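Engineer: Numbering (the working numbering), first residue to last: 31 to 437.
In this text, a Cβ means the ideal position worked out from N, Cα and C, and glycines have one as well.
None of the values given here were measured: they were computed from a predicted structure.
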Ligand SMILES: *Cc1c(COP(=O)(O)O)cnc(C)c1O
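Written out as structure tokens, the structure reads:
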């Protein structure tokens, strides 16, 4: 089994075409016209046998050698990595067993004791935990930014600053980062730009085009999209950075199982149509929720009153499928609402085909008081809605009956 450096699918193809074809073309080595499977084969093996002592020794050289052992590389996993790298406009990617696996591999590989990180304040909880817990134990400090203006970077920067960490669309506030401005300011100060693009997906935004060095995804969410497989992936703008992180990611061992990679490829093929339906449904629900008397505010980047609507219009090819709204009745109303939905399911994840609701103040953020919640950009009555691809009128009937129940 050899790894050829396959001809990438023609870069002029639209992302909506690439999601369908990229993985299979990479798996086939980019060759058209010969017979071969339409679907990427699952190489469910831990290792690869050689009949030549020199060849196995040579294969150990780095990420681009022949496949040796699945923790270091596997053809099914590689097809996923190359497909997502192509979609994101990056040079290479590293798939992981979860989004946190990818994020931890990137942070722990690129940072060392004494380094300083600049991160946006409203970060995914798991990422925040890595920085505050692991980071502190390893002597890595983080300063948190509102991430609303590039001047904050100059002000917070230290001589030891190494990395700028942003999220394209933040969860659950739906704030949109002005990536071009912030990444340019970071670069000016010598910072590596790392962007978590999980909520936007490469269909809505490709951060490398806006100056990112690394793009991280929880592929558990929109990339795979069916709430049936955990995964993560980090895409690198250049090969050297990829090689550095690859070497350390192999040591950390957060490698995906080939079947998990295959499920992710399977989901990826419908990413574009799913994102379109998630976004259309979210638009209608955001409008109707905004007009409902039980709802005090709706947060979705496509709404005219959203603080980042102008940034979203410049940066995103759509506004995404996640919204949040503040119930006028506060904490009690939030709890009652999530217990009253019938079609939407009460679950913590996002990005799947089914609509999910959660009430951060009584679940993911239950330890925070009202003031701390406010600091995190969340209200006591905030409900997060990961809008699925169901019929939108069925969804609205469900939300409307749950809202009626609040009296
Ligand atoms: C879910 C999520 C993660 C973590 O991904 P896992 O696959 O759960 O490990 C990271 N970032 C964002 C924005 C997420 O939503």
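Could you tell me how far apart the beta carbons of residue 351 and residue 309 are, in whole angstroms, since I believe they sit closer than 8 Å?
Structural biologist: Within the chain shown, numbered from 1, the residue matching residue 351 stands at position 321. Within the chain shown, numbered from 1, the residue matching residue 309 stands at position 279. With 8 Å as the limit, residue 351 and residue 309 qualify as a contact, their Cβ atoms being about 6 Å apart.
Engineer: Can you tell me whether residue 90 is buried or exposed, with buried defined as 16 or more other CB within 10 angstroms of its CB?
Structural biologist: Here the question's residue 90 lines up with position 60 in the chain shown. By the 10 Å Cβ count, residue 90 comes out exposed.
Engineer: Provide the residue span of the beta strand (DSSP E) that contains residue 124, from first to last.
Structural biologist: Along the chain shown, one-based indexing puts residue 124 at 94. Residue 124 -> beta strand (DSSP E) spans 122-126.
Engineer: Please state whether DSSP places residue 418 in a helix, a strand or coil.
Structural biologist: Residue numbering aside, residue 418 sits at position 388 when the chain shown is read from its first letter. Three-state result, residue 418: coil.
Engineer: Quick one: grab the DSSP three-state call for residue 36.
Structural biologist: On the chain shown, position 6 is the one that residue 36 refers to. Reliability of the predicted coordinates at residue 36 is poor, the pLDDT of 46 falling under 50, and the value obtained from them is presented with this limitation in mind. Three-state DSSP puts residue 36 in coil, outside helix and strand.
Engineer: With a 10 Å radius around its C-beta and 16 neighbouring C-beta atoms as the bar for buried, classify residue 46 as buried or exposed.
Structural biologist: Taking the first residue of the chain shown as position 1, residue 46 is located at position 16. Burial call: exposed.
Engineer: Write down every uninterrupted run of the alpha helix (DSSP H) in the region 67-153 whose length is 4 residues or greater and which is fully enclosed by it, in chain order.
Structural biologist: Here the runs fully enclosed are 83-89, 105-118 and 129-140.
Engineer: Distance, Cα to Cα, residue 393 vs residue 362?
Structural biologist: By one-based count along the chain shown, residue 393 stands at place 363. By one-based count along the chain shown, residue 362 stands at place 332. Spanning the two alpha carbons is a distance of roughly 13 Å.
Engineer: Quick check on residue 436: does DSSP put it in helix, strand or coil?
Structural biologist: In the chain shown, counting from the first residue as 1, residue 436 sits at position 406. Looking at residue 436 - three-state DSSP - the assignment turns out to be coil, as it is neither helix nor strand.
Engineer: What is the DSSP secondary structure of residue 327, counted as helix, strand or coil?
Structural biologist: Taking the first residue of the chain shown as 1, we reach residue 327 at position 297. Here residue 327 sits in strand by DSSP.
Engineer: Could you tell me the distance, in whole angstroms, from the CA atom of residue 118 to the CA atom of residue 231?
Structural biologist: Here residue 118 corresponds to residue number 88 of the chain shown, with the count starting at 1. Here residue 231 corresponds to residue number 201 of the chain shown, with the count starting at 1. Cα-Cα distance, rounded: 9 Å.
Engineer: Count the C-beta pairs between the region 379-395 and the region 410-427 that are closer than 8 Å, then say yes if the count reaches three, no if not.
Structural biologist: yes
Engineer: Is residue 213 near ligand 1, going by C-beta to nearest heavy atom under 6 Å?
Structural biologist: If you number the chain shown from 1, residue 213 lands on position 183. Incorrect: residue 213 has no Cβ contact closer than 6 Å to ligand 1.
Engineer: If we ignore side chains and look at the alpha-carbon of each, how far apart do residue 341 and residue 327 end up?
Structural biologist: Within the chain shown, residue 341 is the residue found at index 311, counting from 1. Within the chain shown, residue 327 is the residue found at index 297, counting from 1. C-alpha separation (whole angstroms): 20 Å.
Engineer: What does the Cβ neighbour count give for residue 251, buried or exposed, with the cut at 16 atoms within 10 Å?
Structural biologist: Here residue 251 is taken as the residue at index 221 of the chain shown, counted from 1. Result: buried.
Engineer: Out of 54, 98, 94 and 155, point me to the one whose CA is closest to residue 113's CA.
Structural biologist: Your numbering for residue 113 matches position 83 in the chain shown. Comparing Cα positions, the closest option is 54.
Engineer: Could you tell me whether any non-hydrogen atom of ligand 1 is closer than 6 Å to the CB of residue 204?
Structural biologist: Here residue 204 refers to the residue found at position 174 when the chain shown is read from its first residue. Result no, Cβ not under 6 Å from ligand 1.
Engineer: Let me know the secondary structure DSSP gives residue 50 once reduced to three states.
Structural biologist: In the chain shown, counting from the first residue as 1, residue 50 sits at position 20. In this structure, residue 50 counts as helix in the three-state DSSP scheme.
Engineer: Any idea which residues DSSP pairs residue 226 with across the strands?
Structural biologist: Numbered from its first residue, the chain shown carries residue 226 at position 196. DSSP, once it has assigned bridges, lists 197 and 246 as partnering residue 226.
Engineer: So residue 65 packs on residue 99, CB below 8 Å; how close in whole Å?
Structural biologist: Here residue 65 refers to the residue found at position 35 of the chain shown. Here residue 99 refers to the residue found at position 69 of the chain shown. In fact, because the Cβ distance is near 30 Å, the residues do not count as touching under 8 Å.
Engineer: Nearer than 6 Å: is that true of the beta carbon of residue 248 relative to any heavy atom of ligand 1?
Structural biologist: As a working mapping, residue 248 is identified with position 218 in the chain shown. Answer for residue 248: yes, Cβ within range of ligand 1.
Engineer: Measure from the alpha carbon of residue 121 to the alpha carbon of each residue in 237, 268 and 132, then state which is nearest.
Structural biologist: Looking up residue 121 in the chain shown gives position 91. When each option's Cα is compared against that of residue 121, the closest is 268.
Engineer: From what residue to what residue does the beta strand (DSSP E) around residue 264 run?
Structural biologist: Here residue 264 refers to the residue found at position 234 of the chain shown. Note, residue 264: beta strand (DSSP E), 262-266.
Engineer: Given a threshold of 16 other Cβ atoms within 10 Å of its Cβ, counted over all protein chains shown, does residue 425 qualify as buried or as exposed?
Structural biologist: The residue given as residue 425 occupies position 395 in the chain shown. The residue in question, residue 425, is buried, as its Cβ has 16 or more Cβ neighbours within 10 Å.
Engineer: Mapping DSSP to helix, strand and coil, what is residue 394?
Structural biologist: Within the chain shown, residue 394 is the residue found at index 364, counting from 1. It is coil, neither helix nor strand.
Engineer: For residue 138, verify whether its CB is less than 6 Å away from any heavy atom of ligand 1.
Structural biologist: Stepping through the chain shown from its first residue, residue 138 is reached at position 108. No - ligand 1 has no heavy atom lying nearer than 6 Å to the Cβ of residue 138.
Engineer: Give me the DSSP bridge partner(s) of residue 355.
Structural biologist: Translated into the one-based positions of the chain shown, residue 355 becomes position 325. Looking at the DSSP assignment, residue 355 forms a beta bridge with 328 and 413.
Engineer: Would you mind reading off the limits of the alpha helix (DSSP H) that contains residue 212?
Structural biologist: As a position in the chain shown, residue 212 is number 182, starting the count at 1. Unbroken alpha helix (DSSP H) run through residue 212: 209-218.
Engineer: Looking at the structure shown, is residue 405 part of a helix, part of a strand, or coil, going by DSSP?
Structural biologist: The sequence position of residue 405 within the chain shown is 375, counting from 1. In the structure shown, residue 405 sits in a helix (DSSP, three-state: H, G or I).
Engineer: Please indicate yes or no: does the CB of residue 227 lie closer than 6 Å to some heavy atom of ligand 1?
Structural biologist: As a working mapping, residue 227 is identified with position 197 in the chain shown. Residue 227 Cβ: outside cutoff for every heavy atom of ligand 1.
Engineer: Could you check how far apart the C-beta atoms of residue 278 and residue 110 are, in whole angstroms? I think they sit under 8 Å.
Structural biologist: Here the question's residue 278 lines up with position 248 in the chain shown. Here the question's residue 110 lines up with position 80 in the chain shown. Between residue 110 and residue 278 the Cβ distance is about 20 Å, and since that is not below 8 Å, they are no contact.
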